[in-house]
Amino acid sequence: MPILENSSSPPASSPLPSSQVNADASPPGDEVSRKNYKPSSADMAYYYEHFLPFKSIYLWLNHSQAAQTDFTMREFAFEYKSGAYQRYNSFHSASEFKQSVVKAQPTRFEVGAVYPVEPRMRKSVSKALMKPVAKELVLDIDLTDYDDVRTCCSGTDICPRCWRFITLAVKIVHRALQDDFGFEHLIWVFSGRRGVHCWVSDYRARILDETRRRAIVEYLDVLSVKSKKTLNLKKPYHPHVERAFEVLRDEFVEVILREQDPWSLPDRAEALARTVPDYKLSSALMRHWKDVPGRTSAEKWLDVDAFYQQLKVRSFDLQDWKKETIFATMYPRLDVEVSRQMNHLLKSPFCVHPGTGNVCVPFDPSEKEFDPFADTPNLGVLVGSGETEWQKTGLRHSVELFNRFVNRLVSEEVRHKRGRAEEKENLEF
């Protein structure tokens, strides 16, 4: 019997949201209207009352149907429309959790670490006690970190072309977390606008200290994003690097040379030439591209080969430089501090992005590639449907996927707790 059933529940009564009171406030299915939609307070209240799967989130963080300190001593933060940010909320049950969110109506809520005491009681204990003891390992990938490469969009804007960077990043990081670290309980979540978050919920991931968290993310952070994108590649290449290269190499021509075409821009072409470790070759390329303007990235990529042969360069291996360039432009760009800091809070799955109205839905990259333009329910559409159950809306697939993930996680936790208890009993005299 699964812990979470994907069945409907009786609808609760609540006022109609603004999207139903005023038809102009609800975006129809077309992209233009969705893009202009901003969630109203009434829409958020309706969403919290009827659609957000509080019990699923509770079980995910609690790891049991019976209340555990994994949930009751965990920090939650509320962010409000006014800009106010309220930390150190904590709850005793799923019902109290839902009641508090419905009453407060935050624009979003964030999930934090587990503490030795209830966070809301922090003022009654010594500050020395308020140190995190557990938290999911999280990873954050944001398209704005690719602004030096993508030409189709910048800032908060995204399109299907630049989203391919995220798709490749998810594929590489997901495989590494599973194969290299043996993690099993991973859930990816769309941020609602331009990025994704990965939550690793395995027990041994949750109890990692900050030193070990940093070690894991730095292992993955081949491209040191925070240190001006310097490469951390050493020969012989690590199996993780070789495996990632197999993925990136197959996409480089299409994604970088054809779709993004970054080196057609003179300043970016000059930056590329400056990465060439041979001064003579680097200078020749810059002169040629200045004398013959209008060359595409694909043509300039071939120019490097031609001039390398023509000048009989022997000071560096061209294939190594090409591999490093592919990594520099396409490898996942991670926020190390988000992963390292246990007291860092991250937006919960199924929150609504206040700027887009998109629901931050979970997805499984082993099931299919996530498409934010087709797979993301929008709050305006949800409340405009007039439904009062998530099973009858575009949320159904996402909630059911999340419930399956939670069921597997909780079942594993029960087995592990039983095993740890038996081991302790056997060791006692």
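Taken in order, the sequence shown gives residues 1 to 429; the numbers are from UniProt numbering. Beta carbons: idealized from backbone N, C-alpha and C, even for Gly. This structure is a prediction, so every number in the text was calculated from the model and none was measured.
State the beta-bridge partners of residue i as determined by DSSP.
i: residue 411; result: Answer by DSSP bridge pairing: none, since residue 411 is not bridged.
i: residue 55; result: DSSP lists no partner for residue 55.
i: residue 142; result: 195
i: residue 134; result: 114
i: residue 129; result: Answer is none; residue 129 lacks a bridge partner.
Could you give the distance in angstroms between the alpha-carbon of residue i and the alpha-carbon of residue j?
i: residue 87; j: residue 138; result: 19 Å
i: residue 191; j: residue 273; result: 35 Å
i: residue 395; j: residue 362; result: 10 Å
i: residue 284; j: residue 338; result: 42 Å
i: residue 324; j: residue 317; result: 11 Å
i: residue 356; j: residue 47; result: 15 Å
i: residue 213; j: residue 383; result: 40 Å
i: residue 118; j: residue 184; result: 29 Å
i: residue 33; j: residue 43; result: With a pLDDT of only 47 at residue 33, under the threshold of 50, the placement of this residue in the model should not be trusted; the figure read from the coordinates follows. Computed Cα separation, rounded: 16 Å.
i: residue 179; j: residue 202; result: 14 Å
i: residue 364; j: residue 281; result: 45 Å
i: residue 387; j: residue 62; result: 29 Å
i: residue 89; j: residue 177; result: 31 Å
i: residue 351; j: residue 413; result: 25 Å
Which first and last residues belong to the alpha helix (DSSP H) in which residue i is found?
i: residue 258; result: Residue 258 -> no alpha helix (DSSP H), and no H or E assigned at all.
i: residue 285; result: 279-291
i: residue 318; result: 318-330
i: residue 361; result: Unbroken run through residue 361: none, as it is neither H nor E.
i: residue 350; result: Looking at the DSSP string, residue 350 is not in any alpha helix (DSSP H), and its letter there is neither H nor E.
i: residue 190; result: Residue 190 -> not in any alpha helix (DSSP H); beta strand (DSSP E) instead, spanning 186-190.
i: residue 178; result: 160-179
Considering Cα atoms alone, identify which of the options is closest to residue i.
i: residue 189; options: 287, 376, 327; result: 376
i: residue 148; options: 70, 165, 170, 305; result: 165
i: residue 152; options: 295, 109, 260; result: 260
i: residue 54; options: 280, 388, 349, 256; result: 349
i: residue 71; options: 94, 50, 51, 80; result: 94
i: residue 69; options: 92, 81, 83, 50; result: 92
Between residue i and the rest of its own chain, which residues show a CB-CB distance below 8 Å, the 5 nearest in sequence each way excluded?
i: residue 22; result: The predicted position of residue 22 is uncertain, since its pLDDT is 36 and thus under 50; a value taken from the coordinates is nonetheless stated next. Counting only Cβ-Cβ distances below 8 Å, and skipping sequence neighbours, we find nothing.
i: residue 406; result: 3, 4, 56, 59, 60
i: residue 301; result: 257, 263
i: residue 143; result: 150, 153, 158, 162, 163, 165, 166, 194, 195
Could you spell out the range, first to last residue, of the beta strand (DSSP E) harbouring residue i?
i: residue 246; result: Per DSSP, residue 246 belongs to no beta strand (DSSP E); it is in the alpha helix (DSSP H), 239-252.
i: residue 195; result: 195-200
i: residue 79; result: 74-79
i: residue 269; result: No beta strand (DSSP E) holds residue 269; the alpha helix (DSSP H) holding it covers 266-274.
i: residue 109; result: 108-114
i: residue 86; result: 85-89
Going along the chain, which residues of its own chain have a beta-carbon closer than 7 Å to the beta-carbon of residue i, five neighbours each way excluded?
i: residue 173; result: 139, 198, 220, 332
Sorted by chain position, which residues of the same chain lie with C-beta nearer than 6 Å to residue i's C-beta, five sequence neighbours on each side aside?
i: residue 369; result: 167
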